[in-house]
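Notes to accompany the following structure.
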Amino acid sequence: MVVAEYVPSPVVKQPVSVITQDQMIIVPLSARTEGQLKQKAQDMLAFLRNSKQPIDLVQLAYTLQTGREAMGERLGLMVASLEQLTEKLQAYVDGNEDVQHLYKGQVKRHKEGLSIINRDDDLKQTIVDTWISQQKLSNLVDLWAKGMELDWNRLYGNTKPQRINLPTYPFAKERYWYTETAPQQHHKTEAKLSVLHPCCIKMFRTLTNSATVLFLAK
68 MVVAEYVPSP VVKQPVSVIT QDQMIIVPLS ARTEGQLKQK AQDMLAFLRN SKQPIDLVQL
128 AYTLQTGREA MGERLGLMVA SLEQLTEKLQ AYVDGNEDVQ HLYKGQVKRH KEGLSIINRD
188 DDLKQTIVDT WISQQKLSNL VDLWAKGMEL DWNRLYGNTK PQRINLPTYP FAKERYWYTE
248 TAPQQHHKTE AKLSVLHPCC IKMFRTLTNS ATVLFLAK
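Residue numbers (the numbering used here): 68 to 285.
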């Protein structure tokens, strides 16, 4: 009997097609606050500069486009290389937003202006279809930064890029102060807590024995 070793066939990666504008693709970042967005840009800069592995720009962009929830503060960058991405991120971190193909927006600020598009799916699809067919990605990212939601997969063919590991969302540390105002209020609160487990009531009494309690939330 002859035993032959099975050698699996190498996995052939299918080519990924992506719609570009002058060879540039869209790299989106978003966060809940301006400060968190800037921190996110700083984290991305550190990732780009310190990565031990080569970074694929299309994979990075696709991960940010489809793997993260779009939040209220938005930054859209159109770049053709990792070097351009690094330069534009650094400019934004330094406070310079007057950069070509850098789009900054806040959803609430532009909510009224985009309400017609966001409410009319047919109109929105017509606009997006036109700009994609004409490769006017700058128009798309400009409206995305102002609050229009996009189906990013439409910028790609049947084979989608692979997602990669990227820096996590920078949760803000906020301080909340509890101050005991009057004994009457304290008694009312204890009355409401009477329905809780005795351990919970004991913990509450322990906390409120001091004048001020600091809660640290992420």
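Where is the CB? At the ideal position from N, CA and C, for every residue including glycine.
CA nearest to the CA of V174, picked from G214, D110, Q201
Numbered from 1 along the sequence shown, position 107 holds the residue referred to as residue 174. Closest option to V174, Cα to Cα, is G214.
P228 versus P234, T235, N220, residue with shortest Cα-Cα distance:
Taking the first residue of the sequence shown as 1, we reach residue 228 at position 161. Ranking P234, T235, N220 by Cα distance to P228 puts N220 first.
Going by DSSP, which residues form a beta bridge with E140?
As a position in the sequence shown, residue 140 is number 73, starting the count at 1. A98, Q173, per the DSSP bridge assignment.
How would you label V262, buried or exposed, when you count the other beta carbons within 10 angstroms and need 16 or more for buried?
Along the sequence shown, read from residue 1 onward, the residue named residue 262 stands at position 195. Residue confidence is low: V262 scores 44 on pLDDT, short of 50, so the model does not pin down where it sits. Its coordinate-derived value is still stated next. Burial call: exposed.
Given that a residue counts as buried once 16 or more other Cβ atoms are within 10 Å of its Cβ, and exposed if not, what is S84?
The residue you call residue 84 lines up with position 17 of the sequence shown. Its Cβ having fewer than 16 others within 10 Å, S84 is exposed.
For L104 and L190, the rounded distance between their alpha carbons:
Here the question's residue 190 lines up with position 123 in the sequence shown. Here the question's residue 104 lines up with position 37 in the sequence shown. Computed Cα separation, rounded: 30 Å.
With DSSP collapsed to three states, give me the class of I41.
What is shown of the chain runs 68 to 285, which leaves residue 41 out entirely.
Is there contact between the stretch 163–170 and the stretch 123–140, where contact requires at least three CB pairs shorter than 8 Å?
Remark: fewer than three beta-carbon pairs, one from each stretch, lie closer than 8 Å, so the stretch 163–170 and the stretch 123–140 are not flagged as touching.
Using alpha carbons as the reference points, say which of G180, N185, Y223 lies closest to I199.
As a first step, residue 199 is located in the sequence shown; it is residue number 132 there, counting from the start. Per the Cα distances, Y223.
Express the C-alpha separation of N185 and I194 in angstroms, rounding to a whole number.
Sequence index remark: in the sequence shown, residue 194 carries index 127 (1-based). Sequence index remark: in the sequence shown, residue 185 carries index 118 (1-based). One C-alpha to the other measures close to 11 Å.
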